[in-house]
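Residue numbers (our numbering): -19 to 101.
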């Protein structure tokens, strides 16, 4: 895994979570800029998944490969699923769904790092 990409995902995710929480507290529905930001975050997550797949194809493997792959698949599915759910929910709670997803991603990225290299974490 690329540590710089992991850090970028975590920071971007927390920034988006903050923005969405502000929108929630202001009683604003989810708008297109929220979707664009979620799409950018999703592209970063996909990039990390591709890099991880390439590294595993080269022979580098995490300590628990099956658990790592399941976490990676879950992380790839969270942003688009929550973006759709948040966009369908036209009340103030739409951005809250995105914020919730964005607060989950950094934690799951830490777990991926732990699985990839247990000795380093």
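Idealized CB from N, CA, C, for every residue including glycine.
Keep in mind the model is a prediction, meaning the values are calculated, not measured.
Nearest neighbour of residue i, chosen from the options [CA to CA]
i	options	result
residue 62	74, 4, 38 and 46	74
residue 52	67, 65, 41 and 26	26
residue 92	68, 64 and 41	41
residue 64	5, 77 and -17	77
residue -19	8, 39 and 67	39
Nearest-angstrom Cβ-Cβ length linking residue i and residue j, presumed shorter than 8 Å
i	j	result
residue 95	residue 48	5 Å
Secondary structure of residue i, DSSP reduced to three states
i	result
residue 27	helix
residue 64	helix
residue -18	coil
residue 98	coil
residue 39	coil
The stretch 66 to 86 / the stretch -12 to -3 touching (three or more Cβ pairs under 8 Å): In short, these stretches touch, since the Cβ pair count reaches three.
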